[in-house]
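Heads up, the sequence shown is in the working numbering, so the first residue is 267 and it goes up one at a time.
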Amino acid sequence: HSPPSSGRSGSPSTFADFSADTLCAMLSAATTLLAASSGLHAGHAVRPAATQRGASASMMAERTPLMAGNWKMNTVLDEAVALAKEVAAAAATAPDVDVAICVPFPFIVPVKEALAGSTVGVGAQDCYYEDSGAFTAAVSTSMLKSVGVDYIVAGHSERRAVFGDSDEDVNKKVLKILDAGLKCIFCVGELKEERESGETFSVCDTQLTKGLVGVSEEMLKDVVIAYEPVWAIGTGLTATPEVAQETHEYIRKWFVDNYSEAASDAMVIQYGGSVKADNVDELMACNDIDGALVGGASLQGPGFARIINFEK
């Protein structure tokens, strides 16, 4: 499954075939592209979107990077509160980056209290897709909303692999999260054997297609995509910036094909796969990477602070 081609048959083959108005538009687009490229490390984290597809400046969306820590099943209460305070301090020095921490259910309220007055959002790592009832150990979106959660993760590879969440389960969770008025971090990504057999794009296409059933373009404003190559999670392996960018670019093109150019331009697409202080800068220099879903490194205050304050 290869990326959809943007080529068009019958296109003019020389500049002489273009009208003067068309040439002026092309020059304007090229100037916009050069300006965006030269500003990649200019010091502000808001990222101009879609310049690589020639969108005019008036049509471009701006994407604010989201750095989200996923603590998984780690920390005890005192550690959670102390770490949250470190994250709040780090976020205060990065006003142009959105920051969130997805914490274990028991710590949502005390972490929320520890973050009072900060800009850091609080996330839950999962939810159930029913409102209430005889579902022992399950947690609903209404429960999470009532304790102040801002984000909920859906479709993380560990939920899919360890707990058996299907694409249909993930879709139900995505819809429930959005229906509750919360932001959804929707995870997609391939296994090692799928990568090696050239199925990366096919896997992402399937997970996006099935996971976003019933999600309108208007609802997408509350969706963040996290591309997490499963072979790079907790293994110490990291996709090279080139490999990560290739898949992020495919995902962005998927939104062009299935929603619209505007929806694609506005979509924040995080990378998640052993992001650390020593590789975040080169990952964030990629045009289509808009932040990170950070696992192990988010449990270390100084390391996560460096990730939040990546070189812009």
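Glycine included, C-beta positions come from ideal geometry on N, C-alpha and C.
**Beta carbon of L486 nearer than 9 Å to that of Y525** = In the sequence shown, residue 486 corresponds to position 220, counting from 1. In the sequence shown, residue 525 corresponds to position 259, counting from 1. Going by C-beta atoms, L486 is nearer than 9 Å to Y525.
**Separation of E527 from E345, as counted between CA atoms** = Counting from one through the sequence shown, the residue named residue 345 turns up at place 79. Counting from one through the sequence shown, the residue named residue 527 turns up at place 261. So the two alpha carbons sit approximately 43 Å from each other.
**Prompt:** Is it buried or exposed for F452, if we count other Cβ within 10 angstroms and need 16 for buried?
**Reply:** To locate residue 452, count along the sequence shown from 1; it is residue 186. By the 10 Å Cβ count, F452 comes out buried.
**Asked** For the alpha helix (DSSP H) that contains G477, what are its first and last residues?
**Response** Residue numbering aside, residue 477 sits at position 211 when the sequence shown is read from its first letter. Here the alpha helix (DSSP H) through G477 covers 466 to 477.
**Request:** Taking T330 as the reference, give the member of L343, D364, A348 with the closest Cα.
**Result:** For the purposes of this step, residue 330 is identified with residue 64 of the sequence shown, where counting begins at 1. Closest by alpha carbon: D364.
**Item:** Neighbourhood of G539 by C-beta, 7 Å cutoff - its chain only, sequence neighbours within 5 removed
**Value:** Indexing the sequence shown from 1 puts residue 539 at position 273. Closer than 7 Å at the Cβ level, and outside the excluded window around G539, lie E494, P495, A498, I499, T504, A505.
**Prompt:** DSSP beta-bridge partners for N336?
**Reply:** What you label residue 336 is simply residue 70 of the sequence shown in a count that begins at 1. DSSP, once it has assigned bridges, lists C368 as partnering N336.
**Request:** Confirm, please, whether the CB-CB distance from L332 to G557 is below 9 Å.
**Result:** Residue 557 sits at position 291 when you count from the first residue of the sequence shown. Residue 332 sits at position 66 when you count from the first residue of the sequence shown. Result yes, Cβ atoms of G557 and L332 sit closer than 9 Å.
**Message:** Nearest by alpha-carbon distance to D435: which of K449, K476, D416, E462 is it?
**Reply:** Position 169 of the sequence shown, counted from the start, is the residue given in the question as residue 435. The residue with the shortest Cα to Cα distance from D435 is K476.
**Request:** Report the three-state DSSP secondary structure of V375 (helix, strand or coil).
**Result:** For the purposes of this step, residue 375 is taken as the residue at position 109 of the sequence shown. Correct three-state label for V375: helix.
**Request:** With a cut-off of 8 Å on the beta carbons, I'd call R425 and D392 a contact; round off their distance for me.
**Result:** What you label residue 425 is simply residue 159 of the sequence shown in a count that begins at 1. What you label residue 392 is simply residue 126 of the sequence shown in a count that begins at 1. Going by Cβ atoms, the distance from R425 to D392 rounds to 6 Å, so yes, they are a contact pair.
**Asked** Which of helix, strand or coil does DSSP assign to G500?
**Response** Reading the sequence shown from its first residue, position 234 is the one you call residue 500. Residue state, collapsed to three classes: coil.
**Where S482 falls, given that 16 or more other Cβ within 10 Å makes a residue buried** = Taking the sequence shown and counting its residues from 1, one reaches residue 482 at position 216. It is exposed - the Cβ of S482 has fewer than 16 other Cβ atoms within 10 Å.
**Message:** If I follow the unbroken alpha helix (DSSP H) through F452, where does it start and stop?
**Reply:** Start at 1 with the first residue of the sequence shown, and residue 452 comes out as number 186. That residue, F452, is in no alpha helix (DSSP H); its beta strand (DSSP E) goes 449 to 454.
**Prompt:** On the three-state DSSP scale, how would you describe I418?
**Reply:** Along the sequence shown, read from residue 1 onward, the residue named residue 418 stands at position 152. In this structure, I418 counts as strand in the three-state DSSP scheme.
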